[in-house]
Amino acid sequence: MEGIDPKTAMKLWEAEMTTEGRRRNMRANRSKDTSPEIRTRKALHSMGYRFRIHVKDLSGKPDIVLPKHKLVIFVHGCFWHQHPNCKLASRPSSNTDYWCTKFERTRLRDKEHQLALEMAGWSVATIWECETREPPVLDKRLREVLENGLNSGPGEVI
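Residue 1067 in this note's numbering is what sits at position 38 of the sequence shown, and the numbering runs on without skipping anything.
Next comes the structure, spelled out in structure tokens:
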């Protein structure tokens, strides 16, 4: 469905998916090593930064951790984490109660993890999926995050 706007693609997808097909497709969505994560990691690595990924003993298992700098980076999918004012964050038109509840729980969980990390002295940054699509945009955003994160005190949100 290349070249189709996300809302139209979602409607077409919903129309052709059976309940079982939709369930199978949703289960196939990765929670780690997603394309946006990999693009972000490659960009960071090319800037000379070394990091750890999916650190289990930190709240929320951050996607990228720079322990030397006490900085964690979450790479959020715009749809799953409902990036405000983003065209990739469309809401499905079927089963709206389920999706509203799911998105709200995700937002609350994100806030809880962020707060726990801040309380533990970590600076927390979020890179959105849409920011990873164009390398110059991603590089600019990462430089912003790194500049602010490396110069900020522990517990700051970037």
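Beta carbons: idealized from backbone N, C-alpha and C, even for Gly.
None of the values given here were measured: they were computed from a predicted structure.
Item	Value
Specify the secondary structure class of residue 1118 as computed by DSSP and reduced to three states.	coil
Report buried or exposed for residue 1064, applying the criterion of at least 16 other Cβ atoms within 10 angstroms of its Cβ.	exposed
Quick check: the Cα distance between residue 1034 and residue 1164, rounded to an integer number of angstroms?	21 angstroms
Kindly indicate the opening and closing residues of the beta strand (DSSP E) around residue 1105.	1100–1105
Looking at C-alpha atoms only, which residue of 1105, 1079 and 1067 is the closest neighbour of residue 1153?	1105
Taking Cβ to Cβ, would you say residue 1179 is nearer than 7 angstroms to residue 1110?	no
Is it buried or exposed for residue 1113, if we count other Cβ within 10 angstroms and need 16 for buried?	exposed
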